[in-house]
Amino acid sequence: MYFEYKLNIIIFDSGLGGLLFYNQIKRIIPYSNYFYIFDNIGFPYGNKNKSYIINRIIKITNSVCALNKIDLIIIACNTASILALSKLRKLLNYPIIGVLPAIKMATKLTYNNCICLLATNNTIHSTYISKIKRKLSYKYKIILTPSMQLVYLAERILQGSCLSMTPLYKIFSLWKRNNIPDTIILGCTHFSLFTLNLLHFLDRKIIVDSSIVTINFILKFIKKNINYNQNNEYVHDKAYCVSLTKKTKSLITILKYHGFKSLNIINI
Ligand code: DGL
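For the sequence shown, our numbering assigns the number 1260 to the initial residue and increments by one for each residue that follows.
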């Protein structure tokens, strides 16, 4: 199933994890123009402070919005969404949707009411998550597992490196041995990369990918809030980063593989 909306959509992440989100949404909304932004200097956001993250997102997205007519901004980063979404909505004059850990969906799917959230340090230690955990504690046990190591691992694999999955299996083997948790939430867009590894290694667990849950929400949001009859002319999807380092130059082939015609630099 796909939708014919012809919108101009920004997808923002700190790194390349948002490309996994882009691939998913592009399949469902194929005729929109996508502007993929990654903050290759600020990466990773999972261990940076809130005001640093907010300032960077504001400056970077404003620069891209000044060059293109944008209909929707998607923050394809759980960390940035948790720390910055409400502020971004006040400061940027565009509809903004964030990818957030799909805890509600996990509570609907769990059998033994024990759920694990796998996410960055900032997400795990946020007040947003501790409030939800407290609210649900009458019925659900929520285990919080931070891992920046998996963020770096995913980023490097997305950049084309072949790396050992040992750190991943070290974390997962804790869960393999016992029954709890029965449901694992991927609360970082980079972690969608590990979905198949998880399904294979933990064959009887339920894996909840927050990105996929958010796409359903985005479809409802577009239907309700955006004039989707608008016919933006089709331009090729563009990628943006903040500095063209030697490492970033080597990403051009990978970005082309994902469907981007160009990698542009934003001066902030
Ligand atoms: N992709 C980001 C997220 O969903 C995290 C990566 C980072 O730490 O920058 O949280």
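Glycine included, every Cβ here is placed at the ideal spot set by N, Cα and C.
Approximately 16 Å separates the beta-carbon atoms of I1270 and F1262; this is outside 8 Å, ruling out the contact.
Under the 10 Å beta carbon count, I1524 is surrounded by fewer than 16 other beta carbons and is classified as exposed. By the criterion of a C-beta distance shorter than 6 Å, L1278 is surrounded in its chain by H1517, once the five residues flanking it on both sides are discounted. In this structure, the ligand DGL has a non-hydrogen atom nearer than 7 Å to the beta-carbon of S1273. Taking 4 residues as the minimum length, the alpha helix (DSSP H) runs contained wholly in the region 1294-1333 are 1309-1326, in order along the chain. In the structure shown, K1515 adopts helical secondary structure according to DSSP, grouped into three states. According to the DSSP secondary-structure assignment, I1374 is paired through a beta bridge with I1401, T1442. Looking at the backbone, the Cα of K1265 and that of I1329 are separated by about 11 Å.
Ranking L1342, S1470, S1469, S1432 by CA distance to the CA of N1456 puts S1432 first. Secondary structure of N1380 (DSSP, three-state): helix.
For the pair L1344 and I1334, the CB atoms are nearer than the 8 Å cut-off. In this structure, I1388 lies near L1376, with their beta-carbon atoms less than 8 Å apart. At the C-beta level, I1471 and I1443 stay beyond 8 Å of one another. Our two residues, F1294 and R1463, have alpha carbons roughly 37 Å apart in a direct line.
The three-state secondary structure of F1271, taken from DSSP, is strand. The closest CA to that of I1374, considering only N1380, S1385, T1386, P1360, is found on P1360. Runs of the beta strand (DSSP E) spanning 3 or more residues and lying entirely within the region 1439-1501 occur at 1442-1445, 1465-1468, 1497-1500, in chain order. Scanning N1267, M1260, T1425, Q1418 for the CA closest to the CA of I1287 turns up M1260.
Counting along the chain, the unbroken beta strand (DSSP E) around L1522 starts and ends at 1521-1524. In the displayed model, N1282 falls within a helix according to three-state DSSP. For I1288, there is no enclosing beta strand (DSSP E), as DSSP gives it neither H nor E. Between A1339 and E1492, the alpha-carbon positions lie close to 30 Å from each other. Judged by DSSP in its simplified three-state form, I1356 adopts strand.
Counting C-beta atoms within 10 angstroms of its own C-beta, P1289 has fewer than 16 neighbours from the protein chains shown and is therefore classed as exposed. Of the candidates N1292, T1448, S1396, the residue whose Cα lies closest to the Cα of G1357 is T1448. It is roughly 31 Å from the alpha-carbon of R1315 to the alpha-carbon of R1393. Within the same chain, F1297, N1299, T1507 come within 6 Å of C1500 by CB-CB distance, once the 5 residues on both sides are set aside.
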